[in-house]
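Protein chains in written order, with numbering that gives the first Met the number 0: chain A, 0 to 177; chain B, 0 to 177.
Don't be surprised by glycine CBs; every beta carbon is placed ideally from N, CA and C.
Computed from a predicted model, the values in this text were never measured in an experiment.
This report concerns only the one structure given below.
Number of protein chains: 2
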Amino acid sequence: MALEHAILVSLDERDGSGYELARRFERSIGFFWAATHQQIYRTLKRMVGEGWVVGVDVAQDSRPDKRVYSVTNTGRVELRRWLAQPGEPSFLRDELAVKIRGAERADLPALLAEVERHRAAHAERLVVYLAIEERDFAGEVRGRARHQHLVLRGGIRAEQALVEWCDEVLTALREDPK
Amino acid sequence: MALEHAILVSLDERDGSGYELARRFERSIGFFWAATHQQIYRTLKRMVGEGWVVGVDVAQDSRPDKRVYSVTNTGRVELRRWLAQPGEPSFLRDELAVKIRGAERADLPALLAEVERHRAAHAERLVVYLAIEERDFAGEVRGRARHQHLVLRGGIRAEQALVEWCDEVLTALREDPK
DNA sequence: GTCCGCATGTAACTTGTTACATGATTTA
DNA sequence: TAAATCATGTAACAAGTTACATGCGGAC
Numbered sequence: 000m001a002l003e004h005a006i007l008v009s010l011d012e013r014d015g016s017g018y019e020l021a022r023r024f025e026r027s028i029g030f031f032w033a034a035t036h037q038q039i040y041r042t043l044k045r046m047v048g049e050g051w052v053v054g055v056d057v058a059q060d061s062r063p064d065k066r067v068y069s070v071t072n073t074g075r076v077e078l079r080r081w082l083a084q085p086g087e088p089s090f091l092r093d094e095l096a097v098k099i100r101g102a103e104r105a106d107l108p109a110l111l112a113e114v115e116r117h118r119a120a121h122a123e124r125l126v127v128y129l130a131i132e133e134r135d136f137a138g139e140v141r142g143r144a145r146h147q148h149l150v151l152r153g154g155i156r157a158e159q160a161l162v163e164w165c166d167e168v169l170t171a172l173r174e175d176p177k
Numbered sequence: 000m001a002l003e004h005a006i007l008v009s010l011d012e013r014d015g016s017g018y019e020l021a022r023r024f025e026r027s028i029g030f031f032w033a034a035t036h037q038q039i040y041r042t043l044k045r046m047v048g049e050g051w052v053v054g055v056d057v058a059q060d061s062r063p064d065k066r067v068y069s070v071t072n073t074g075r076v077e078l079r080r081w082l083a084q085p086g087e088p089s090f091l092r093d094e095l096a097v098k099i100r101g102a103e104r105a106d107l108p109a110l111l112a113e114v115e116r117h118r119a120a121h122a123e124r125l126v127v128y129l130a131i132e133e134r135d136f137a138g139e140v141r142g143r144a145r146h147q148h149l150v151l152r153g154g155i156r157a158e159q160a161l162v163e164w165c166d167e168v169l170t171a172l173r174e175d176p177k
């Protein structure tokens with residue numbers, strides 16, 4: 000399971016509460032490994048049981064208390080073990096592709112509108128990623144920032160490919176809808 | 000749930016047994032929506048309950064009997080309903096990205112080897128997809144074949160993007176490993 | 001006074017994965 | 001004679017989703 004390891008990577012960069020982790024999963028890490036707060040809380044609990052992280056309650060004024068987690072030595076050992084272990088290459092699971100395969104049964108204008116929606120969503124994400132790149136990774140970066148940048152580059156390439164694919168589909172289905 | 004609908008699309012193209020569906024999911028459909036035979040049998044059972052498909056036992060000689068499923072009118076109505084309904088744009092969930100973000104803690108040569116492995120796997124898939132394209136979709140295609148081709152084009156673009164990303168990562172981490 | 005952000009959770013359910021189980025026929 | 005293909009399933013478990021639940025403080 001990679002969620003545990005994504006959390007280890009994130010907490011190893013900086014300690015944080017479940018809530019803070021959930022926010023990071025909405026922003027950086029989560030661009031390539033999504034997780035909801037429910038999943039995160041549940042997984043943190045298990046990770047405490049495995050001894051990979053420890054949680055410390057921190058009182059705050061004018062805010063609810065929080066429990067800040069940090070990675071233990073056991074956790075770092077596990078992280079290194081996982082990093083050295085081969086994994087499965089990812090592959091795209093795309094509902095839109097299933098819909099396009101079923102295009103014969105579909106209402107063409109509605110399907111085109113759906114492809115346009117997806118195109119817009121991917122283009123929007125691309126803009127977000129490019130903005131992050133310009134803001135955080137302009138010029139030469141090294142160390143941790145470079146690793147983050149390389150991951151972001153993956154997201155940029157993936158979203159570009161998806162936008163271009165949607166365009167190809169739209170062109171093909173619009174120009175000659177037979 | 001899209002597995003049900005992927006099965007509807009596939010059975011709507013041609014009737015088939017659970018086993019045959021599992022094979023299709025290994026080849027065409029499954030390039031963009033993977034499913035194991037266990038999932039398929041379980042889902043077919045539920046779809047029979049929902050009245051979307053019916054199964055007919057077919058005796059075969061020198062082979063085990065099989066149950067061939069076909070889509071009912073109810074199933075076709077459901078398929079059209081789903082096709083018209085908006086869905087979530089896909090996004091890439093990549094374990095390798097998590098590993099690259101954790102590169103600080105990793106053994107660099109081992110991580111590079113892992114990226115190379117993934118690069119090779121994506122390049123291999125790309126070759127497979129391009130071979131299918133040349134074999135089945137050379138020249139102008141129309142109708143169902145065109146829809147299949149467009150989906151395959153998505154796979155080609157995705158794998159190309161992943162190969163290029165791996166190359167970018169390898170170059171960055173090799174040339175200046177700080 | 002209503003909505004947003006912070007903060008943590010439980011419960012129910014759906015999906016996906018892994019292991020186990022059986023058994024005939026064809027191919028190497 | 002061993003392995004691969006055809007054919008269907010059960011069971012246990014892991015992971016992901018959706019809905020529900022609570023409550024304070026600050027901003028508008």
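Neighbour flag for residue i against chain B, beta carbons, 9 Å
i: A/E49; result: no
i: A/A130; result: no
i: A/E167; result: yes
i: A/L172; result: yes
i: A/I28; result: yes
i: A/R75; result: yes
i: A/G153; result: yes
i: A/P63; result: no
Contact test: residue i Cβ vs the ligand FMN heavy atom, cutoff 8 Å
i: B/R45; result: The ligand FMN is not among the ligands present in this structure, which contains no ligands whatsoever.
Proximity below 9 Å, CB of residue i to CB of residue j
i: B/L10; j: B/V76; result: no
i: A/R104; j: B/L149; result: no
i: A/G154; j: B/L91; result: yes
i: A/K44; j: A/V57; result: no
i: B/V97; j: A/I28; result: yes
i: A/G74; j: A/L20; result: no
i: A/W164; j: B/R152; result: yes
Distance, residue j Cα to residue i Cα
i: A/Q147; j: B/G101; result: 9 Å
i: A/L107; j: B/R143; result: 13 Å
i: B/H4; j: A/V162; result: 24 Å
i: A/D166; j: B/T35; result: 31 Å
i: A/R183; j: B/H117; result: Residue 183 of chain A is absent from the model: chain A starts at 0 and stops at 177.
i: B/A137; j: A/E113; result: 27 Å
i: A/R23; j: B/P88; result: 21 Å
i: A/G86; j: B/A120; result: 11 Å
i: B/R156; j: A/R26; result: 25 Å
i: B/V126; j: B/R62; result: 34 Å
i: A/E133; j: B/L78; result: 43 Å
i: A/D60; j: A/D14; result: 20 Å
i: B/L110; j: A/R141; result: 17 Å
i: B/T170; j: B/E49; result: 53 Å
i: A/T232; j: A/M46; result: Look at the range of chain A in this structure, 0 to 177, and you will see that residue 232 of chain A is not part of it.
i: B/W32; j: B/I131; result: 17 Å
i: B/F30; j: A/I39; result: 30 Å
i: A/S69; j: A/L2; result: 16 Å
i: A/I99; j: B/R80; result: 14 Å
i: A/E12; j: A/V67; result: 13 Å
i: A/L172; j: B/E174; result: 44 Å
i: A/E139; j: B/L129; result: 36 Å
i: A/D93; j: A/Q84; result: 27 Å
Residue i classed as buried or exposed, judged by whether at least 16 other C-beta atoms fall within 10 angstroms
i: B/R55; result: The question names Arg, yet the displayed sequence has Val at residue 55 of chain B. Classification of B/V55: exposed, given that the 10 Å Cβ count is below 16.
i: B/T42; result: buried
i: B/R124; result: buried
i: A/A160; result: buried
i: B/M0; result: exposed
i: B/G17; result: buried
i: A/E158; result: buried
i: B/D135; result: exposed
Residue i at chain A interface by Cβ criterion, 9 Å
i: B/H36; result: no
i: B/A160; result: yes
i: B/P88; result: yes
i: B/A21; result: no
i: B/L78; result: yes
i: B/A58; result: no
i: B/E25; result: no
i: B/R156; result: yes
i: B/L43; result: no
Point to revise | Members of the segment 134-151 of chain A that neighbour chain B once the beta carbon cut-off is set at 8 Å | key: R141, G142, R143, R145, H146, Q147, L149, V150
Point to revise | chain A contacts made by the segment 90-106 of chain B, where a contact means CB separation under 9 Å | key: F90, L91, R92, D93, E94, L95, A96, V97, K98, I99, R100, G101, A102, E103, R104, A105, D106
Review point. Using a Cβ cut-off of 8 Å, which residues of the segment 106-129 of chain B contact any Cβ in chain A, in chain order?
Key: D106, A109, L110, E113, R116, H117, A120, H121, R124
Check your understanding: Of the residues that make up the segment 3-16 of chain B, which ones have a beta carbon closer than 7 Å to any beta carbon in chain A?
Key -> Within the segment 3-16 of chain B, the residues whose Cβ lies closer than 7 Å to some Cβ of chain A are H4, A5, V8, D11, listed in chain order.
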